[in-house]
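Residue numbers (our numbering), protein chains in the order written: chain A, 10 to 278; chain B, 10 to 278; chain C, 10 to 278; chain D, 10 to 278.
4 protein chains.
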Amino acid sequence: MKPVSEPVKQRLYAVLEGGGADAASRAVGVSLMTLIVLNVLSVVLETVESLQVAYGGLFRAFEVFSVVVFSAEYVLRMWSCTADERYARPVWGRLRFMLGPLALVDLAAILPFYLPLVMRLDLRVMRAVRLVRLFRILKMGRYSEALGVFRKIFWSKKEELLITVFAAGVMLVLVSSLMFFIENEAQPKVFSSIPAAMWWGVATLTTVGYGDIYPITTAGKILGTLSAVFGIGMFALPAGILGSAFVEEMHRRREKSKICPHCGKEIEE
Amino acid sequence: MKPVSEPVKQRLYAVLEGGGADAASRAVGVSLMTLIVLNVLSVVLETVESLQVAYGGLFRAFEVFSVVVFSAEYVLRMWSCTADERYARPVWGRLRFMLGPLALVDLAAILPFYLPLVMRLDLRVMRAVRLVRLFRILKMGRYSEALGVFRKIFWSKKEELLITVFAAGVMLVLVSSLMFFIENEAQPKVFSSIPAAMWWGVATLTTVGYGDIYPITTAGKILGTLSAVFGIGMFALPAGILGSAFVEEMHRRREKSKICPHCGKEIEE
Amino acid sequence: MKPVSEPVKQRLYAVLEGGGADAASRAVGVSLMTLIVLNVLSVVLETVESLQVAYGGLFRAFEVFSVVVFSAEYVLRMWSCTADERYARPVWGRLRFMLGPLALVDLAAILPFYLPLVMRLDLRVMRAVRLVRLFRILKMGRYSEALGVFRKIFWSKKEELLITVFAAGVMLVLVSSLMFFIENEAQPKVFSSIPAAMWWGVATLTTVGYGDIYPITTAGKILGTLSAVFGIGMFALPAGILGSAFVEEMHRRREKSKICPHCGKEIEE
Amino acid sequence: MKPVSEPVKQRLYAVLEGGGADAASRAVGVSLMTLIVLNVLSVVLETVESLQVAYGGLFRAFEVFSVVVFSAEYVLRMWSCTADERYARPVWGRLRFMLGPLALVDLAAILPFYLPLVMRLDLRVMRAVRLVRLFRILKMGRYSEALGVFRKIFWSKKEELLITVFAAGVMLVLVSSLMFFIENEAQPKVFSSIPAAMWWGVATLTTVGYGDIYPITTAGKILGTLSAVFGIGMFALPAGILGSAFVEEMHRRREKSKICPHCGKEIEE
Chain A
10 MKPVSEPVKQ
20 RLYAVLEGGG
30 ADAASRAVGV
40 SLMTLIVLNV
50 LSVVLETVES
60 LQVAYGGLFR
70 AFEVFSVVVF
80 SAEYVLRMWS
90 CTADERYARP
100 VWGRLRFMLG
110 PLALVDLAAI
120 LPFYLPLVMR
130 LDLRVMRAVR
140 LVRLFRILKM
150 GRYSEALGVF
160 RKIFWSKKEE
170 LLITVFAAGV
180 MLVLVSSLMF
190 FIENEAQPKV
200 FSSIPAAMWW
210 GVATLTTVGY
220 GDIYPITTAG
230 KILGTLSAVF
240 GIGMFALPAG
250 ILGSAFVEEM
260 HRRREKSKIC
270 PHCGKEIEE
Chain B
10 MKPVSEPVKQ
20 RLYAVLEGGG
30 ADAASRAVGV
40 SLMTLIVLNV
50 LSVVLETVES
60 LQVAYGGLFR
70 AFEVFSVVVF
80 SAEYVLRMWS
90 CTADERYARP
100 VWGRLRFMLG
110 PLALVDLAAI
120 LPFYLPLVMR
130 LDLRVMRAVR
140 LVRLFRILKM
150 GRYSEALGVF
160 RKIFWSKKEE
170 LLITVFAAGV
180 MLVLVSSLMF
190 FIENEAQPKV
200 FSSIPAAMWW
210 GVATLTTVGY
220 GDIYPITTAG
230 KILGTLSAVF
240 GIGMFALPAG
250 ILGSAFVEEM
260 HRRREKSKIC
270 PHCGKEIEE
Chain C
10 MKPVSEPVKQ
20 RLYAVLEGGG
30 ADAASRAVGV
40 SLMTLIVLNV
50 LSVVLETVES
60 LQVAYGGLFR
70 AFEVFSVVVF
80 SAEYVLRMWS
90 CTADERYARP
100 VWGRLRFMLG
110 PLALVDLAAI
120 LPFYLPLVMR
130 LDLRVMRAVR
140 LVRLFRILKM
150 GRYSEALGVF
160 RKIFWSKKEE
170 LLITVFAAGV
180 MLVLVSSLMF
190 FIENEAQPKV
200 FSSIPAAMWW
210 GVATLTTVGY
220 GDIYPITTAG
230 KILGTLSAVF
240 GIGMFALPAG
250 ILGSAFVEEM
260 HRRREKSKIC
270 PHCGKEIEE
Chain D
10 MKPVSEPVKQ
20 RLYAVLEGGG
30 ADAASRAVGV
40 SLMTLIVLNV
50 LSVVLETVES
60 LQVAYGGLFR
70 AFEVFSVVVF
80 SAEYVLRMWS
90 CTADERYARP
100 VWGRLRFMLG
110 PLALVDLAAI
120 LPFYLPLVMR
130 LDLRVMRAVR
140 LVRLFRILKM
150 GRYSEALGVF
160 RKIFWSKKEE
170 LLITVFAAGV
180 MLVLVSSLMF
190 FIENEAQPKV
200 FSSIPAAMWW
210 GVATLTTVGY
220 GDIYPITTAG
230 KILGTLSAVF
240 GIGMFALPAG
250 ILGSAFVEEM
260 HRRREKSKIC
270 PHCGKEIEE
């Protein structure tokens with residue numbers, strides 16, 4: 010029986026995992042991508058009460074349909090993965106495949122559906138479980154180059170990001186503590202503690218400025234001014250680092266993706 | 010009769026479409042540009058009730074005057090376009106000319122005026138029609154190099170913009186859903202659904218921070234802090250990409266516009 | 010008598026206008042700079058009622074002292090300017106000197122003081138006149154290199170700044186008009202006209218977000234999101250252009266200011 | 010007795026000050042770093058009343074423990090510093106060591122604890138003293154490279170930062186004074202003085218926009234728009250300067266930290 014199914018399995022594995030260039034792979038990829046986007050949209054819209062009341066049945070039906078598709082996808086991936094020599098051993102190979110990050114995301118995408126069937130969940134857990142469905146968005150990682158670019162950038166700039174986040178944190182603690190000391194007397198309810206003042210610090214140094222907390226004393230306003238003028242630069246650094254890294258990376262990809270007109274392969278420089 | 014009008018037609022076409030360097034072309038260009046700016050100003054100010062009450066007649070008169078000029082411009086463009094060999098055939102050539110993007114904008118600039126004369130419109134449509142006049146601003150595209158620069162930049166960076174907007178969207182959905190889950194209990198009216206939480210997400214990640222919606226629980230504030238520190242970078246990327254592209258493009262234009270001192274033509278490098 | 014005062018005049022002119030490197034010039038420059046800073050501080054603090062009540066006499070005395078010094082400075086400049094061959098003719102030379110931008114600023118710095126002595130001013134004009142004293146800050150232009158750097162940058166990037174400001178303006182008009190059309194029905198008081206909606210547009214696209222005006226309908230929030238994500242880039246461009254121009258300019262100055270160790274002159278590269 | 014303790018002293022000095030690569034130095038460094046972070050956390054959380062009520066004893070105990078450790082560290086540093094030839098003289102050497110910036114920070118980290126034991130402090134001073142403990146965060150400067158990077162950047166760009174801060178200050182004064190003049194009549198309570206208007210100016214030009222103060226007149230809104238469009242660039246300059254300097258510095262460090270595979274030393278290029 011095995012020899013019969015082997016070519017089917019290999020073809021299936023190539024279609025599902027290859028992200029290949031042939032029509033079938035592309036059709037499967039686009040279909041799954043579309044389904045994921047619709048799923049995210051559905052989870053988001055489901056929380057709007059008026060839509061839930063009006064289209065609750067539709068949402069539920071779509072959820073069942075999605076889980077059926079994603080479950081089938083998962084089972085087929087499990088079955089076909091032995092076509093890859095890395096996972097060739099029927100049990101251990103499949104287990105190793107299951108523990109890969111992408112396969113775990115695939116599992117997490119369907120598990121929340123089956124959980125309530127297996128055990129009783131109270132309402133709060135139920136809501137959390139429903140939300141976990143949103144992380145189906147991470148299944149996109151398989152098809153989306155965009156998320157890959159960002160993962161790579163974060164990784165290559167991790168040192169710079171760590172240093173800036175650390176320095177920003179030190180600045181936040183110092184500035185917020187001072188502000189707490191200055192404003193606490195005038196606004197004991199608002200600047201009730203250093204953590205409360207840190208919420209002011211975050212709103213100010215990121216320039217979000219909701220307006221729920223701000224200094225009212227002259228000393229507090231002077232400190233607020235100094236914090237803003239110097240601190241905003243500190244909090245803007247991660248953005249600048251990511252930005253320049255992204256531009257560099259996109260440039261590198263363009264350079265790389267020059268395809269040789271003779272052999273059809275990419276020309277590395 | 011045709012041979013008589015031909016040189017007139019060619020001259021007119023050159024003046025209207027050439028955007029040429031001779032005095033007449035420039036005068037026509039500047040006049041139309043001024044009229045467009047005044048038109049936009051008029052549409053904007055007309056919506057201020059006190060001005061509408063005081064100067065309603067003036068606004069109406071200016072509108073009629075503008076439409077007369079723009080209509081004349083449109084008719085003359087239609088008539089003279091056959092001077093261009095691309096649109097030389099009297100009927101099909103003119104039709105092709107009419108369907109060009111700039112000619113469509115010209116048509117859209119005058120149509121709203123004639124519509125109520127031809128058919129009855131209810132009040133809401135009437136208001137929309139009046140607003141459409143604002144898109145006369147797009148007629149500037151013919152004369153303004155600035156809009157051309159931006160069109161080119163958007164086009165050349167479309168890949169980077171798409172990726173960043175997509176990644177920002179993914180981040181927005183994840184962050185807002187988490188925030189909804191955290192804050193919904195404490196502020197059921199404000200964080201009533203994920204779309205509502207997304208409005209918070211947009212206000213925070215763009216650092217606009219109107220202050221109509223923000224977290225009040227400790228967990229929510231911690232999530233808000235993390236979202237702001239990391240997410241602002243993501244939302245600031247499109248700005249950074251457009252900015253560097255714009256600087257590059259302006260640099261390229263300057264290089265290009267070096268004029269040969271002997272022949273008066275631009276020197277391409 | 011003239012031959013006697015001539016060397017004095019030349020020395021005085023060099024001290025006042027040279028911004029030279031000798032001790033006297035530097036002392037005069039620093040003194041005047043300090044006086045200007047104290048003046049600005051005084052005008053600013055004078056408007057705080059409690060300080061005005063407590064130290065009104067001091068403010069007045071300092072004002073009189075400042076005007077005496079600035080008047081003396083002005084008169085001495087007028088007298089000594091003929092030492093410069095460009096302004097050598099006693100009457101016409103002095104007139105030409107008086108009409109230079111820096112001399113006009115000097116005049117504007119003292120005129121507001123003498124005006125009320127010459128003619129009756131009503132209270133509102135009086136307040137305006139008092140405020141004009143603040144423009145003494147521009148006298149710094151003579152001594153401050155910083156303002157010179159910015160003037161040069163603004164000038165060299167005027168084309169880019171104009172284009173971006175124009176494009177930002179077009180975007181602001183389009184976005185605000187649409188928002189007016191969408192929100193006017195739900196918030197007729199807040200989004201009462203397109204100019205009112207433009208105030209929203211400015212607050213949003215600059216990310217200031219005071220929170221006095223924002224959309225509340227779903228359509229308005231979607232438009233607000235799109236405006237923010239794409240428009241912020243547009244409004245951030247001038248900052249980016251100025252920033253990179255400033256860094257370039259500072260770099261150029263450093264390169265330039267390499268002084269030859271033998272002749273003491275700058276080495277141009 | 011001295012010859013016996015000498016090697017111990019030298020070893021201790023190396024461990025405490027060397028920041029060396031051997032296991033003991035690293036263990037001491039990591040332990041002290043952790044203790045500092047926990048200290049900062051403790052000071053921050055202590056100000057939350059509910060935590061103070063619940064875990065007050067724990068906070069106090071941890072404070073005593075920390076001071077014991079930091080005091081021991083300080084005493085050991087004092088004792089061992091004579092191992093360094095720069096501080097070799099028992100009294101004068103130790104005094105010079107004590108007056109170094111890092112040793113002063115170490116002293117400031119423990120002094121607030123001993124102060125109330127020595128003299129009576131009123132409540133307000135007591136609170137200030139408690140806050141000073143936060144500056145233990147600066148002890149990190151010894152171990153953290155991140156703070157060193159920032160110190161270096163600030164120093165190398167001090168000229169650019171000074172110029173931009175000065176220019177931003179001039180702009181702030183001019184814009185705020187004008188706004189005070191325009192809005193004072195309509196909002197005498199809010200725009201009560203130029204300093205009050207400067208708080209508006211800071212909130213606007215940094216784009217924080219708390220929403221506690223904003224113009225309501227048409228003239229004020231127009232000035233606000235112009236200030237925002239042009240001024241934000243000015244206030245964003247320090248961020249841009251710091252950002253590019255940081256990227257440069259990190260790049261330089263990477264280049265530098267190439268280690269020679271033969272001799273184990275860094276290769277300078």
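Think of the CB as a built atom: it goes at the ideal place given N, C-alpha and C, for glycine as much as any other residue.
Predicted, not measured: the structure shown is a model, and the values here were computed from it.
Exercise for the section: Whole angstroms is fine: what's the gap from GLU289/D's alpha carbon to GLU169/D's? Expected result: Examination of residue 289/D is not possible in this model, given that chain D is present from 10 through 278 alone.
Handout entry: Reduced DSSP category for PHE163/A - H, G, I as helix; E, B as strand; rest coil
Key = Note: PHE163/A maps to helix in three-state DSSP.
Exercise for the section: Give a yes or no on whether the minimum CB-CB distance between THR216/D and chain B is below 9 Å. Expected result: Judged by the 9 Å Cβ criterion, THR216/D is in contact with chain B.
Practice task
Spell out a yes or no on whether the region 181–192 of chain A and the region 165–183 of chain D are touching, meaning 3 or more CB-CB pairs, one atom from each, closer than 8 Å.
Solution key: With the cut-off at 8 Å, the region 181–192 of chain A and the region 165–183 of chain D do not touch.
Practice task
Specify whether the region 207–215 of chain A and the region 66–85 of chain D touch according to this definition: at least 3 beta carbon pairs, one from each stretch, less than 8 Å apart.
Solution key: Between the region 207–215 of chain A and the region 66–85 of chain D, the count of Cβ pairs shorter than 8 Å is below three; the stretches do not touch.
Handout entry: Backbone secondary structure at LYS198/D - three-state DSSP
Key = It is coil, neither helix nor strand.
Practice task
Apply the 10 Å Cβ neighbour rule to GLY210/A and answer buried if 16 or more other Cβ atoms are within range, or exposed otherwise.
Solution key: With 16 or more other Cβ atoms within 10 Å, it is buried.
Practice task
Please work out which residues of its chain come closer than 6 Å, Cβ to Cβ, to GLN19/C, disregarding the five sequence neighbours upstream and downstream, and give them in chain order.
Solution key: The answer, listed in chain order, is ALA92.
Practice task
Reducing DSSP to helix, strand and coil, say where GLY109/C ends up.
Solution key: Note: GLY109/C maps to coil in three-state DSSP.
Exercise for the section: Tell me, please, whether the region 125–136 of chain B touches the region 33–45 of chain B by the rule of three or more beta-carbon pairs shorter than 8 Å. Expected result: By the criterion of at least three beta-carbon pairs nearer than 8 Å, the region 125–136 of chain B is not in contact with the region 33–45 of chain B.
Exercise for the section: Would you mind telling me which residues of chain A sit closer than 8 Å to LEU210/C, beta carbon to beta carbon, in chain order? Expected result: Note that residue 210/C is Gly in the sequence shown here, rather than Leu. Correct list: empty, because the minimum Cβ distance to chain A is about 18 Å.
Exercise for the section: Compare the beta carbon distance of SER89/A and LEU21/A with 9 Å and say whether it is the shorter of the two. Expected result: A contact, by the Cβ cut-off of 9 Å.
Handout entry: Counted within 10 angstroms of its Cβ, other Cβ atoms place LYS198/A as buried (16 or more) or exposed
Key = Here LYS198/A is exposed. Its C-beta has fewer than 16 other C-beta atoms within 10 Å.
Exercise for the section: Inspect the beta-carbon positions of SER236/A and GLU58/D and report whether they are closer than 9 Å. Expected result: No, they are not a contact pair.
Practice task
Give, in chain order, every unbroken run of the alpha helix (DSSP H) that is at least 4 residues long and sits entirely within the region 199–247 of chain A.
Solution key: Counting only runs that start and end inside the region 199–247 of chain A, the alpha helix (DSSP H) elements of at least 4 residues fall at 203–214.
Exercise for the section: Mind checking the region 239–266 of chain C against chain B and listing, in chain order, the residues whose C-beta falls within less than 8 Å of any C-beta there? Expected result: Against chain B - using a Cβ distance shorter than 8 Å - the residues of the region 239–266 of chain C are PHE239, ILE241, GLY242, MET243, ALA245, LEU246, GLY249, ILE250 and SER253.
Practice task
Kindly say whether GLY150/D, judged by its beta-carbon, lies nearer than 9 Å to any beta-carbon of chain C.
Solution key: No Cβ of chain C is located within less than 9 Å of the beta carbon of GLY150/D.
Practice task
Using a Cβ cut-off of 9 Å, pull out every chain D residue sitting near GLY220/B, in sequence order please.
Solution key: Around GLY220/B, the beta-carbon contacts reaching into chain D at under 9 Å are GLY218, TYR219 and GLY220.
Handout entry: Distance, LEU181/D Cα to PHE246/D Cα
Key = This sequence places Leu at residue 246/D; Phe is not what is there. Annotation: LEU246/D to LEU181/D spans about 14 Å, alpha carbon to alpha carbon.
Practice task
May I have the straight-line CA-CA distance separating ARG261/A from ALA254/A, to the nearest angstrom?
Solution key: In a straight line, the C-alpha of ARG261/A is about 10 Å away from that of ALA254/A.
Problem - Range of the contiguous alpha helix (DSSP H) that encloses ARG133/B - result: Counting along the chain, the alpha helix (DSSP H) containing ARG133/B begins and ends at 132–141.
Exercise for the section: With 8 Å as the C-beta to C-beta threshold (strictly closer), list the residues of the region 125–143 of chain C near chain D in chain order. Expected result: Cβ proximity to chain D below 8 Å picks out ARG136, ALA137, LEU140 and LEU143 from the region 125–143 of chain C.
Handout entry: Contact residues within the region 155–172 of chain C, judged by C-beta distance below 8 Å to chain D
Key = Listed by position along the chain: ALA155, LEU156, VAL158 and PHE159.
Practice task
Spell out a yes or no on whether the region 129–145 of chain D and the region 215–231 of chain D are touching, meaning 3 or more CB-CB pairs, one atom from each, closer than 8 Å.
Solution key: Touching, no.
Exercise for the section: Please look up how many angstroms separate the CB atoms of SER85/B and LEU25/B, rounded, as I've assumed it's under 8 Å. Expected result: Here the sequence assigns Leu to residue 85/B, which means Ser is not the residue at that position. Yes, LEU85/B and LEU25/B are in contact; Cβ-Cβ is about 6 Å, under 8 Å.
Handout entry: Inter-residue Cα distance where the pair is GLU112/B and TYR83/B
Key = The sequence shown places Ala at residue 112/B, rather than the Glu named in the question. So the alpha carbons of these two residues sit roughly 8 Å apart.
Exercise for the section: Answer yes or no: does any C-beta atom of chain A fall closer than 9 Å to that of GLU278/C? Expected result: No answer about GLU278/C holds up, because its pLDDT of 42 lies below 50 and its placement is not dependable.
Handout entry: GLY66/C: first and last residue of the uninterrupted alpha helix (DSSP H) it sits in
Key = Looking at the DSSP string, the run of the alpha helix (DSSP H) that includes GLY66/C is 58–89.
Handout entry: Neighbouring residues, chain C, relative to GLU58/B (Cβ below 8 Å)
Key = Near GLU58/B (Cβ distances below 8 Å), the residues of chain C are SER201 and SER202.
Practice task
State yes or no: is the C-beta of ILE191/A within less than 9 Å of the C-beta of GLY229/A?
Solution key: Their beta carbons are under 9 Å apart, which means ILE191/A touches GLY229/A by this criterion.
Problem - Endpoints, alpha helix (DSSP H) assigned at ALA97/A - result: Per DSSP, ALA97/A lies in no alpha helix (DSSP H) and is assigned neither H nor E.
Exercise for the section: For VAL84/B, return the contacting residues in chain A, with the cut-off set at a CB-CB distance below 9 Å. Expected result: Neighbours of VAL84/B on chain A: none; closest Cβ ~47 Å, over 9 Å.
Exercise for the section: For LEU232/B, decide whether its Cβ has a neighbour in chain A, counting only Cβ atoms nearer than 9 Å. Expected result: By this cut-off, LEU232/B is not an interface position.
Handout entry: Near the ligand ATP: ALA63/D beta-carbon under 8 Å from a heavy atom
Key = Looking at this structure, you won't find the ligand ATP or any other ligand, since it has none at all.
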